[in-house]
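Residue numbers (my numbering): 1 to 235.
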Amino acid sequence: MKTIPAALHIPELADEPGLVHGFSTTLLGSVGLTHAPDREPVLASRRSFLEVLGLEHRTLTTAGAIHGAAVARVDEPVDLIDDVDALMTDRTDVVLFTTHADCYPIVLWDPEKNVAGLVHAGWRGTKKGVAAAAVGSMRQEYGCRHIRAGIGPGICGRCYQVGDDVASQFERRFVRPDDGGKFLLDLGAANRNQLEEAGVDAVYDIGMCTKESYLFPSHRRHPDGKRFGAIVAVR
Ligand SMILES: [Zn+2]
C-alpha cells in the first residue's frame, strides 16, 4: 500500500545541516486559516507540520502574503508579519511560514552565514520581483554572498492559464498561447530566471505541479480555500 508523505523537500537542500525546510501535503490537512470554516483543525494541522519537521511547540512566523515584494527580517518569533511576502532570519528560534495553493514557495539558504529565507510568489509577486528582493535583502542585512534557492511546488507552465492582461506583463519566453485564446504562464521559469539574474549560486526545483498532484491543494483544481504550508528555519 502506498502512503502519502506528510511533507516533501527540495532534494538538493534536504541534507543541509543548518537548514530545516519542508512543504506540507494533503495528509496533514489544510494549514490555511483565511478561508477555513473552523480554526482548530487548521491549527492542529500546523502543529503536526511542525512535529514532522522536528520543530515541536515552536511559533510559526507567518508572512501575510499580500502579493507584493516586501521582505521582513525576523529577529524573534512573532505570529504574523502581515505586510510582506518574504521573510528571512539567522535566528534558530524563528520558524518562517507561508501558505499556498498554486503560488510558489521559494526557499533561500546561505550555508556560509546560516541565513534562511522564505518567499511567497504568485504572478503579482513574481512580476514585482519578490524573489530577487529577498536575495537582495539577505545580502544587505546579513552580508550573504552564497545563496542557494529552491523552488517548491506550484502551478506549472502547462496548467497556469491566464488572460492577456496578466500574460502581457511577462517576458514572452515565459508565456505561450493555449488552445482557447488564452495564455499559459510559466511562473516557475520566471522565478528561476529572476533568481539566476539576481546571481544566486544555484537554483533547484522540486518540479511538482500543485494542479496536477494530489499531494497538494490547488486553487485552480479545487478553489475550496485549502492551503499547503512551507516552513523554513535555521537549525
Ligand atoms: Zn501542471
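The C-beta atom is built at its ideal place from N, Cα and C for all residues, glycine as well. Keep in mind it's a predicted model, so treat the numbers as computed, not measured.
Taking every residue with its beta carbon within less than 5 Å of a heavy atom belonging to ligand 1 gives, in chain order, Cys156, Arg158, Cys159, Cys209, Lys211 and Glu212. Assignment of Thr34 by DSSP, reduced to helix, strand and coil, places it in the coil class. Between Val95 and Arg58, the gap from beta carbon to beta carbon is short of 8 Å. Collapsing the DSSP output to three states places Leu187 in a helix. Shown here, Leu28 sits in a helix according to DSSP, grouped into three states.
By the beta-carbon neighbour count (other beta carbons within 10 angstroms, threshold 16), Val78 is exposed. Take the alpha-carbon of Asn114 and the one of Pro177: they are about 42 Å apart.
Looking from the CA of Arg173, the closest CA among Gln161, Asp224 and Ala189 belongs to Ala189.
When Val84, Thr3, Thr25 and Arg46 are compared, the shortest CA-CA separation from Gly152 is found for Thr25. Residues of the same chain with a CB within less than 7 Å of the CB of Tyr104, apart from the 5 flanking positions on each side, are Ala121, Ile151, Gly152, Gly154, Leu187, Gly188 and Asn191 in chain order. Within its own chain, the residues whose Cβ lies closer than 6 Å to the Cβ of Leu8, once the five positions on either side in sequence are excluded, are Phe23, listed in chain order. Put simply, the segment 196 to 216 does not touch the segment 80 to 87. Fewer than three CB pairs are less than 8 Å apart.
For Gly117, the enclosing beta strand (DSSP E) starts and ends at Val115 to Ala121.
Counted as a single uninterrupted DSSP element, the alpha helix (DSSP H) harbouring Met138 occupies residues Val130 to Tyr142. Cβ neighbours of Thr62 within its own chain (closer than 6 Å, five residues either side excluded): Leu80 and Phe97. Pairing Ala131 with Gln194 gives a Cβ-Cβ distance under 8 Å.
Rounded to whole angstroms, the gap between the alpha carbons of Ala44 and Pro223 is 22 Å.
Residues Met88, Asp90, Asp110, Lys113 and Val115 of the same chain have their beta carbon placed closer than 8 Å to that of Tyr142, with the five preceding and five following residues left out of the count. His35 sits away from Val107, with the two beta carbons spaced by 8 Å or more. Contact check for Gly125 against Gly180 fails: the beta carbons are separated by 8 Å or more. By the criterion of a C-beta distance shorter than 8 Å, Phe183 is surrounded in its chain by Gln161, Val162, Gly163, Asp164, Val166, Ala167, Val175, Arg176 and Pro177, once the five residues flanking it on both sides are discounted.
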